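When we follow numbering that gives the first Met the number 0, the leftmost residue of the sequence shown carries the number 0, and every step to the right adds one.
From the three backbone atoms N, C-alpha and C, an ideal C-beta is built for every residue, glycine too.
Computed from a predicted structure; not experimentally measured.
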Amino acid sequence: MSEIDDILAEFDAQSEPIGTRDITDLTKSYLSELSSPELLPYQATIITRLTDRIREQLELIETTHYNILSHSHSSSASHHHPSHNNPTTTTHANPTQQNFLLIILQTELERIKYLLRSYLRIRLTKIDKHPLYILRTPQIRDRLSPPELQYLKSHQALLNNFYLGAFLKGFPEQLRRLDDTAGGISMVEEPDMEGAVFCVVVKEIKDEEVVGEDGVRGRRGEVRIKGTDAVFTLRKGDVYVVRYSAVREYVLAGEVELI
0 MSEIDDILAE FDAQSEPIGT RDITDLTKSY LSELSSPELL PYQATIITRL
50 TDRIREQLEL IETTHYNILS HSHSSSASHH HPSHNNPTTT THANPTQQNF
100 LLIILQTELE RIKYLLRSYL RIRLTKIDKH PLYILRTPQI RDRLSPPELQ
150 YLKSHQALLN NFYLGAFLKG FPEQLRRLDD TAGGISMVEE PDMEGAVFCV
200 VVKEIKDEEV VGEDGVRGRR GEVRIKGTDA VFTLRKGDVY VVRYSAVREY
250 VLAGEVELI
């Protein structure tokens, strides 16, 4: 048992764990992104830090692997050419310890890479599902990272060219638009803001008077369900199942997290 403790201590000395706080924050962001019907702001700072730490972790893995191979080769050479006149004590770490250290590093690295890929993949899924809505809504478009925005534009251009070549060229020009709103019916698919979500209040919400979009005065933290008489107050630590539109402003403000 003490040997395992020594190995873990050596691991801590050689490599600072990949930002525990960043991992926790990214996990929360992933869960919120997964539950939210709309695209949430891109977590640029967290992603950048984790990407840098992954790069450092990869370098450490390569170094550890090289040390294991070097120790193996030197041990093999000593076995075939023993020196009786000059006995020396090896300064290399135990190969078993080095291998265990390598397993720890690789496992931690794969865990973070999986979380990072999952977060980015769910965002790309939303971009693919609501491309025109995102493009025509500046507030949502500004939540994209530069690579995501480039992907969106390229992907939509490919779709437009495909549809045009496949069947739209046979339509009258006024009927070729993919974002047509003629007749009061929009062709642009939008996220369902009225869907139910699970959420938890993570911050104290400042009690102050506000005026809603409908002109009705109320208090911050006081939630009214559109089309009903239901009213309740958000309190830190409470968990709710509610329409996303009712808590949207608090989710974007970081006062409520989706779970």
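Residue 248 to residue 220 span [Cα, whole Å]: 10 Å
By the DSSP assignment, the alpha helix (DSSP H) with residue 20 in it spans what residues? 19–34
Would you be able to state if there are at least three C-beta pairs under 8 Å between the region 57–71 and the region 19–38? no
For residue 63, count the other beta carbons within 10 Å of its own beta carbon; 16 or more makes it buried, fewer makes it exposed. Which is it? buried
Going by the CB atoms, is the gap between residue 254 and residue 199 shorter than 8 Å? no
Round the Cβ separation of residue 245 and residue 224 to the nearest angstrom and send it over; I've been treating them as touching at under 8 Å. 6 Å
Could you give the first and the last residue of the continuous alpha helix (DSSP H) run that contains residue 251? 243–251
Mind checking who residue 223 pairs with in its DSSP beta bridge? 230
Would residue 250 be called buried (16 or more neighbouring beta carbons within 10 Å of its own) or exposed? buried
With distances taken from CA atoms, which of 111, 190, 233, 157 is nearest residue 202? 233
Pull the bridge partners of residue 183 from the DSSP assignment, please. Note: residue 183 sits in no beta bridge, so no partner.
Residue 34 classed as buried or exposed, judged by whether at least 16 other C-beta atoms fall within 10 angstroms: buried
Give a yes or no on contact between the region 233–243 and the region 175–184, applying the rule of three or more CB pairs nearer than 8 Å. no
For residue 112 and residue 147, the rounded distance between their alpha carbons: 18 Å
When burial is assigned at 16 or more other CB atoms within 10 Å of the CB, is residue 174 buried or exposed? exposed
Distance, residue 120 Cα to residue 95 Cα: 37 Å
Which residues does DSSP pair with residue 196 in a beta bridge? 241
Would a C-beta distance cut-off of 8 Å place residue 41 and residue 144 closer than the cut-off? yes
Can you tell me whether residue 208 is helix, strand or coil according to DSSP? strand
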